[in-house]
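Since the structure comes first, as structure tokens, the remarks are kept for the end.
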Amino acid sequence: MSQIQSDPSTHNNLRPAFMTPQKLLPVEKCSLGCPILDCCMGGGIPCNSITEIVAESGSGKTQLCLQLSLRAQLPPFLGGLSASSLYLYTEFPFPTRRLHQLSSALQCQYPQIFVSNYDPCDSIFLQSVNTADQLLDIMPQVESFLENSKTRLPVRVIVIDSMAALFRAEFENTASDLIRRSSLFFKISGKLKEFAKRFNLVVLVTNQVMDVVDSGEGLNEVRIGNLSGMYSSGRRVCPALGLSWANCVNSRLFLSKDEYESGLVGGGESGFLSRETRRRLHVVFAPHLPDLSCEFVIRREGVVGVNR
1 MSQIQSDPST
11 HNNLRPAFMT
21 PQKLLPVEKC
31 SLGCPILDCC
41 MGGGIPCNSI
51 TEIVAESGSG
61 KTQLCLQLSL
71 RAQLPPFLGG
81 LSASSLYLYT
91 EFPFPTRRLH
101 QLSSALQCQY
111 PQIFVSNYDP
121 CDSIFLQSVN
131 TADQLLDIMP
141 QVESFLENSK
151 TRLPVRVIVI
161 DSMAALFRAE
171 FENTASDLIR
181 RSSLFFKISG
191 KLKEFAKRFN
201 LVVLVTNQVM
211 DVVDSGEGLN
221 EVRIGNLSGM
231 YSSGRRVCPA
241 LGLSWANCVN
251 SRLFLSKDEY
261 ESGLVGGGES
271 GFLSRETRRR
281 LHVVFAPHLP
291 DLSCEFVIRR
301 EGVVGVNR
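See below:
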């Protein structure tokens with residue numbers, strides 16, 4: 001590569017263009033379908049890497065996974081990938097009703113894309129997974145499906161919802177089980193990263209949280225990415241699966257939710273305090289994103305960011 005000869009001030013101005021982390025990552029991303037969420041995510045969920053969503057139950061993890069799987073089918077000029085999705089679910093039952101609800105909303109939004117005889121749900125391929133060993137065992141089938149798929153749209157999204165459910169009850173807190181668990185982490189994430197790079201996939205996984213119970217400088221007190229601490233529903237929490245799994249993902253997002261009193265409904269003795277839930281998306285760590293967060297709500301048509 002030829003060198004640019006210039007005065008020092010010009011050289012200093014040019015240097016950031018060559019050294020920014022964004023240059024090291026693929027630019028192709030899949031939109032979440034909301035400008036506010038996409039802005040927080042630098043344009044959407046990136047291909048060629050593993051993105052993790054961490055949150056307690058009811059925060060919107062699965063809703064975002066379903067939304068991304070549907071939005072991936074849109075053409076690139078609308079933020080999609082013109083792609084199908086492989087959805088591996090580990091918690092039962094699968095939210096079929098919610099998927100169809102989101103699909104109907106997307107069809108109404110883009111009737112020119114989804115003609116009357118085409119159901120977006122047909123391009124989301126479901127597979128139940130019960131154990132971590134089973135997930136590892138089906139990786140050859142997943143690879144064959146990605147290579148030889150005859151689907152209407154190529155498969156370019158893999159969702160695993162949720163990773164924590166596979167390890168929740170199967171392993172005990174013994175040295176041998178911890179070693180085996182870490183080995184499975186690295187084998188599973190290694191295959192996922194291989195697929196993501198080889199097929200230029202979006203890989204999105206979900207994880208649960210656990211309460212932080214100690215107050216010292218123990219393992220739970222280690223600073224996690226951009227956040228000095230994670231709080232949800234008034235409790236301090238940390239991602240499940242520990243530091244070994246944290247090293248297996250490229251980016252981590254945290255969804256928090258908190259209830260608050262929004263005002264008095266009614267008057268007199270029959271009045272009562274109304275409570276609402278406030279949700280936020282936080283970037284915990286990502287090589288291409290700064291410390292960002294945004295508020296969002298869950299509506300019938302999907303997950304939508306809000307400006308306050």
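The opening residue of the sequence shown carries number 1 in UniProt numbering; numbering runs sequentially from there. Glycine is no exception: its CB is placed at the ideal position from the N, C-alpha and C atoms.
On the DSSP bridge list, what partners appear for M139?
M139 is not bridged to any residue.
Nearest residue (CA-CA) to P287, options P120, S251, T277
P287 has its Cα closest to that of S251, out of P120, S251, T277.
Just how far apart, CA to CA, sit G302 and L102?
So the two alpha carbons sit approximately 6 Å from each other.
Assuming V304 contacts C34 under a Cβ cut-off of 8 Å, what Cβ separation, rounded to an integer in Å, is found between them?
Contact flag correct, Cβ pair sits at about 5 Å.
Assuming the contact rule is C-beta atoms closer than 8 Å, S104 and S85 should be a hit. Round their C-beta distance to whole Å, please.
Approximately 17 Å separates the beta-carbon atoms of S104 and S85; this is outside 8 Å, ruling out the contact.
Grab me the residues of S244's own chain with a C-beta within less than 6 Å of its C-beta, minus the 5 sequence neighbours each way, in chain order.
Around S244, the same chain offers S182, F185 as residues with beta carbons nearer than 6 Å, after the five sequence neighbours per side are excluded.
For chain B, is any of its Cβ atoms less than 8 Å away from the one on E28?
Absence of chain B from the displayed structure is noted, only one protein chain being present.
Go through its chain and collect everything with a Cβ distance to E172's Cβ below 6 Å, but skip five positions before and after it.
Shown here for E172: not one same chain residue has a beta carbon closer than 6 Å to its own, the five before and five after excluded.
Run through the DSSP bridge pairs and tell me what D258 is partnered with.
As DSSP reads the structure, D258 sits in a beta bridge with R278.
Beta-carbon separation (whole angstroms), S31 vs G42, contact threshold 8 Å:
With 8 Å as the limit, S31 and G42 do not qualify as a contact, their Cβ atoms being about 11 Å apart.
Let me know the secondary structure DSSP gives D119 once reduced to three states.
The answer is coil: DSSP assigns D119 none of H, G, I, E or B.
When the Cα atoms are used, what is the spatial distance from L126 to L88?
In a straight line, the C-alpha of L126 is about 6 Å away from that of L88.
Where C294 and D38 are concerned, what is the direct C-alpha to C-alpha distance, given to the nearest angstrom?
When only Cα atoms are considered, C294 and D38 end up about 10 Å apart.
R71 in three-state terms, based on DSSP:
In the three-state reduction of the DSSP assignment, R71 falls in the helix class, which pools H, G and I.
Under a Cβ-count criterion, where at least 16 other Cβ atoms within 10 Å of its own Cβ denotes burial, should S232 be classed as buried or exposed?
Sixteen is the threshold: when 16 or more other Cβ atoms of the shown chains lie within 10 Å of the Cβ of S232, as they do, the residue is buried.
How would you write the range of the alpha helix (DSSP H) that T206 sits in, first residue to last?
Where T206 is concerned, there is no enclosing alpha helix (DSSP H), although the beta strand (DSSP E) around it starts and stops at 202 to 207.
So A72 and V203 are in contact, right, with Cβ under 8 Å, and what is the actual spacing, rounded?
Here A72 is actually not in contact with V203; their C-beta atoms are around 12 Å apart, not less than 8 Å.
Span of the alpha helix (DSSP H), counted from its first residue to its last, around I113
No alpha helix (DSSP H) contains I113, which DSSP labels as neither H nor E.
Top-ranked residue by Cα proximity to P290, from N207, I36, C40, E28:
Ranking N207, I36, C40, E28 by Cα distance to P290 puts C40 first.
Rounded C-alpha distance that separates L66 from E276
E276 has its alpha-carbon roughly 24 Å from the corresponding atom of L66.
Quick check: the Cα distance between A132 and L166, rounded to an integer number of angstroms?
Between the alpha carbons of A132 and L166 lies a distance of about 5 Å.
Which value, in whole angstroms, describes the spacing of the CA atoms of V129 and F199?
Approximately 22 Å between the Cα atoms of the pair.
What are the start and end residues of the beta strand (DSSP E) that includes D161?
Start and end: 155 to 161.
Given that a residue counts as buried once 16 or more other Cβ atoms are within 10 Å of its Cβ, and exposed if not, what is N307?
Within a 10 Å sphere around the beta-carbon of N307 sit fewer than 16 other beta-carbons, which makes this residue exposed.
Contact check, F254 vs L292 under 8 Å by CB: the rounded distance?
12 Å between Cβ atoms; not a contact.
Quick one: is E147 buried, meaning 16 or more other Cβ sit within 10 Å of its Cβ, or exposed?
Looking at its Cβ environment, which holds fewer than 16 other Cβ atoms inside 10 Å, E147 is exposed.
Considering just the uninterrupted stretch of the alpha helix (DSSP H) at S182, what are its terminal residues?
175 to 199 is the extent of the alpha helix (DSSP H) around S182.
Rounded to the nearest angstrom, what separates F145 and S116 at their Cα positions?
Between the C-alpha atoms of F145 and S116 there is a straight-line separation of about 27 Å.
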